[in-house]
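What follows is a short report on a single structure.
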């Protein structure tokens with residue numbers, strides 16, 4: 049408990065900055081700018097969607113109404129996939145938390161991986177659609193949505209001077225409180241898990257499975273990412289404990305990347321919206337991208 053308390057206290061300034069950024073983006077309606085990435089030529093849309101995905105602090109269920117709307121009105125699958133691959137990986141608050149737990153090399157590496165995977169995934173889907181694949185994309189869906197997210201998160205206009213409107217001030221306050229509790233809950237759990245890992249799991253056990261510089265450790269890191277991944281805010285602390293016990297840098301990066309894309313909420317979100325060929329492509333692109341990202345990160349570090 050003392051380890052978790054000390055770690056949480058040391059992370060408090062980062063939590064405060066992260067909470068402020070999330071509340072600011074929500075209150076100003078900056079998320080509405082995401083829609084502008086999906087206009088123009090398809091290849092241009094892929095580039096902008098991959099870039100914007102790394103800036104969008106949205107949960108998986110929040111993105112569903114927006115993605116469904118884009119696909120329903122005829123936006124090509126390729127830029128949508130670019131956004132879908134890059135968005136779960138990183139956002140400004142997660143960047144700061146990752147840097148605090150693992151260092152800026154991991155934070156920037158994950159950011160580059162997010163954009164690169166969006167570009168590569170969007171490009172692959174673009175090539176496949178030109179060959180006549182993915183003729184049917186969306187599942188038949190009834191009404192309903194996530195109770196914790198707004199039904200239309202990308203509607204409305206942006207207002208940077210949010211404090212001039214009572215409604216936006218209330219959004220800022222409620223988002224700050226909700227995300228403070230969210231981050232404190234998950235980071236506390238992550239630090240407790242880190243303490244348990246360090247205390248009870250021998251370093252040689254971790255090192256024998258995901259240590260060393262081989263490709264096998266990186267693949268295993270990607271495979272265990274889905275069931276073991278918590279979320280983009282809690283995972284870095286868990287990975288820090290694994291690294292201390294012998295996990296290689298490449299396996300750590302593949303864990304972070306594969307876990308973000310193939311975590312249970314992200315997988316359910318994709319499966320609930322699209323047909324299985326699109327879902328399978330999402331999983332395959334995410335897993336392959338995680339292995340490539342881990343391999344390159346291992347080589348460069």
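In my numbering, the protein residues as written are 49 to 349. From the three backbone atoms N, C-alpha and C, an ideal C-beta is built for every residue, glycine too.
Straight-line gap, residue 186 to residue 154 (C-alpha atoms, nearest Å): For residue 186 and residue 154, the distance between alpha carbons rounds to 35 Å.
Buried or exposed: where does residue 233 fall if 16 or more other Cβ atoms within 10 Å of its Cβ makes it buried? Counting other Cβ atoms within 10 Å of its Cβ, residue 233 stays below 16 and is therefore classed as exposed.
What whole-angstrom Cβ distance do residue 339 and residue 302 have, given they're in contact under 8 Å? Sure, about 6 Å apart at Cβ, within 8 Å.
In terms of residue numbering, what span does the alpha helix (DSSP H) encompassing residue 340 cover? Start and end: 324-348.
For residue 154, the first and last residue of its enclosing alpha helix (DSSP H): Segment 152-178, the alpha helix (DSSP H) holding residue 154.
Short of 6 Å in beta carbon distance, which residues of its chain neighbour residue 319, apart from the five on each side in sequence? Order them along the chain. Excluding sequence neighbours, residue 319 sits near 327.
Is DSSP giving residue 186 helix, strand or coil here? Residue state, collapsed to three classes: strand.
Go ahead and pull the three-state DSSP assignment for residue 282. It is coil, neither helix nor strand.
If you reduce the DSSP assignment to three classes, tell me which class residue 209 lands in. The three-state secondary structure of residue 209, taken from DSSP, is coil.
C-alpha gap between residue 75 and residue 171, whole angstroms: Approximately 34 Å between the Cα atoms of the pair.
Where do the N-terminal and C-terminal ends of the alpha helix (DSSP H) with residue 127 fall, by residue? 125-134 is the extent of the alpha helix (DSSP H) around residue 127.
Return the CA-CA distance between residue 323 and residue 182, expressed in angstroms with no decimal places. For the pair residue 323 and residue 182, the Cα-to-Cα distance works out to about 9 Å.
Backbone CA spacing between residue 387 and residue 217 [nearest angstrom]: Nothing can be reported for residue 387, as the shown portion of the chain is limited to 49 through 349.
Span separating the alpha-carbon of residue 279 from that of residue 59: The C-alpha of residue 279 lies about 17 Å from the C-alpha of residue 59.
Quick check on residue 231: buried or exposed, where buried means 16 or more other Cβ atoms within 10 Å of its Cβ? For residue 231, the number of other beta carbons within 10 angstroms of its own is at least 16, and it is reported as buried.
When you compare the stretch 91-98 with the stretch 61-68, are there three or more beta-carbon pairs, one atom per stretch, that lie closer than 8 Å? Inter-segment contact for the stretch 91-98 and the stretch 61-68 is absent: fewer than three beta-carbon pairs are separated by less than 8 Å.
Element boundaries [alpha helix (DSSP H), containing residue 96]: Following the DSSP letters along the chain, one finds residue 96 inside the alpha helix (DSSP H) bounded by residues 90-101.
For the structure I just gave you, are there three or more beta carbon pairs, one from the stretch 120-137 and one from the stretch 159-173, closer than 8 Å? Taking 8 Å as the limit for Cβ pairs, the verdict is that the stretch 159-173 does touch the stretch 120-137.
Leaving out five residues on either side along the sequence, give the residues of the same chain with a beta carbon under 7 Å from the beta carbon of residue 150. 284, 287, 288.
Please report the distance separating the alpha-carbon of residue 148 from that of residue 226. The alpha-carbon atoms of residue 148 and residue 226 are separated by roughly 22 Å.
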